[in-house]
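Below you'll find the structure, written out as structure tokens, and then a few comments.
Residue numbers (the working numbering): -7 to 148.
Next up, the structure:
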């Protein structure tokens, strides 16, 4: 769940609303439904994520509401809630002795910074994260000093 949050830059509500029909394991793609009027996109599922998803879906089959369309279920009923995601991440952070209290939106920011550190174009990051306004995206690229490397090299 948290790997997917990071890799796709999910907002917690986007993660909670993820359905089985949004995922095509055979083609290894995921349909990311953005909130706040953002650009919804189809994104690749990388190998590590694919394996984690397959393992989760097998475990999920043993849960009470396994016939539900929601990917991540509450142990009680229905989809996992925002509060449950926050609580789980907080508990895992505490168990890992993380010095700050983690929250899911940190994973969205980490996604943006990681893509910027890989040298990805600001417009590409904007579309990937579903930002309508590029000013929300430039915070990730502004801190990346690598963006100036090879700026004067000739493209061939």
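C-beta: ideal position from N, C-alpha, C; glycine also.
Limits of the unbroken beta strand (DSSP E) element including residue i
| i | result |
| --- | --- |
| residue 35 | 33 to 36 |
Residues that DSSP places opposite residue i in a beta bridge
| i | result |
| --- | --- |
| residue 71 | 65 |
| residue 92 | Bridge partners of residue 92: none, in fact. |
| residue 16 | 21 |
| residue 11 | 62 |
CB contact flag (residue i, residue j, <9 Å)
| i | j | result |
| --- | --- | --- |
| residue 29 | residue 100 | no |
| residue 104 | residue 121 | yes |
| residue 70 | residue 58 | no |
| residue 17 | residue -5 | no |
| residue 33 | residue 119 | yes |
| residue 24 | residue 96 | no |
| residue 124 | residue -1 | no |
| residue 15 | residue 36 | no |
Host alpha helix (DSSP H) of residue i (start-end)
| i | result |
| --- | --- |
| residue 150 | The displayed coordinates of the chain run from -7 to 148. Any statement about residue 150 would go beyond what the structure contains. |
| residue 49 | 39 to 52 |
| residue 119 | 114 to 121 |
| residue 126 | Taken as a continuous stretch (DSSP letters only), residue 126 belongs to no alpha helix (DSSP H), as it is neither H nor E. |
Supposed contact pair residue j and residue i - C-beta distance, whole angstroms, cut 8 Å
| i | j | result |
| --- | --- | --- |
| residue 20 | residue 42 | 6 Å |
| residue 7 | residue -7 | 7 Å |
| residue 132 | residue 108 | 4 Å |
| residue 94 | residue 81 | 5 Å |
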